[in-house]
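Residues 1 to 150, numbered by this note's numbering, are exactly what the sequence shown covers, in order. Cβ atoms here follow ideal geometry from the backbone N, Cα and C, with glycine treated the same way.
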Amino acid sequence: MADLITKGMPDWQKPINDFAAKNAIVVSPWSTTGITYTNGFGPDSDTANALHYRTVDQGSQRTIQFAGWIKNPALVKSQKITFASIPVSLFKGYTGLIQQYERYAQAWSDLQVAVGIDPATGEFSFQNRATRDTGAFGAGGLEINYSVTW
1 MADLITKGMP DWQKPINDFA AKNAIVVSPW STTGITYTNG FGPDSDTANA LHYRTVDQGS
61 QRTIQFAGWI KNPALVKSQK ITFASIPVSL FKGYTGLIQQ YERYAQAWSD LQVAVGIDPA
121 TGEFSFQNRA TRDTGAFGAG GLEINYSVTW
């Protein structure tokens with residue numbers, strides 16, 4: 001709904017300030033706080049970018065962006081496994097409906113993975129979609145880029 005602003009209107013700046021306040025974009029700094037690795041996974045200290053996250057809020061909409069590298073254990077073909085947990089507090093205002101997400105995991109091999117996150121538990125997981133078992137990756141590990149918006 002549009003607000004009408006007319007010449008000589010008292011408090012004419014209020015609708016403008018209200019609009020700006022409702023639509024301000026707030027971006028948190030990148031952080032690793034609260035990331036807990038599980039099942040033999042861990043941060044990749046061989047790169048400068050271990051897995052980290054930030055939040056981007058605009059009005060009532062929130063996006064969480066994840067980026068970085070992890071080290072992984074050997075994976076069985078078709079195996080789905082939780083590799084980390086993140087604070088569920090990041091999902092403030094989660095309505096149960098994801099509006100958009102982007103994801104990929106990149107390894108320096110032919111590993112195919114599907115990445116996912118459970119907002120109720122904060123569990124971050126992926127599934128090895130390769131048709132074979134894979135060994136642990138060495139330096140360089142597995143790159144994760146993932147964002148979710150609601």
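Is the beta carbon of residue i sitting closer than 8 Å to the one on residue j?
| i | j | result |
| --- | --- | --- |
| Gly59 | Asn23 | yes |
| Ser78 | His52 | no |
| Phe83 | Phe124 | yes |
| Val56 | Ile98 | no |
| Ala67 | Asn145 | yes |
| Arg62 | Gly93 | yes |
| Thr36 | Ser85 | yes |
| Leu4 | Trp69 | no |
| Ile64 | Phe126 | no |
Looking at the strands, I want to know which residues DSSP matches up with residue i.
| i | result |
| --- | --- |
| Ala114 | Gln127 |
| Gln58 | Ile25, Gln61 |
| Pro43 | Ile70 |
| Ser31 | Tyr53 |
| Thr38 | DSSP lists no partner for Thr38. |
| Thr6 | Its beta-bridge partners do not exist; DSSP assigns none. |
Taking DSSP as the reference, what is the three-state secondary structure of residue i?
| i | result |
| --- | --- |
| Val76 | coil |
| Leu97 | coil |
| Phe83 | strand |
Please classify residue i as buried or exposed, where buried requires at least 16 neighbouring CB atoms within 10 angstroms.
| i | result |
| --- | --- |
| Arg132 | exposed |
| Lys14 | exposed |
| Gly40 | exposed |
| Ile117 | buried |
| Lys71 | buried |
| Pro43 | buried |
| Thr134 | buried |
Hey, does residue i have any beta-carbon neighbour from chain C nearer than 8 Å?
| i | result |
| --- | --- |
| Met9 | You won't find chain C in this structure, because it holds only one protein chain. |
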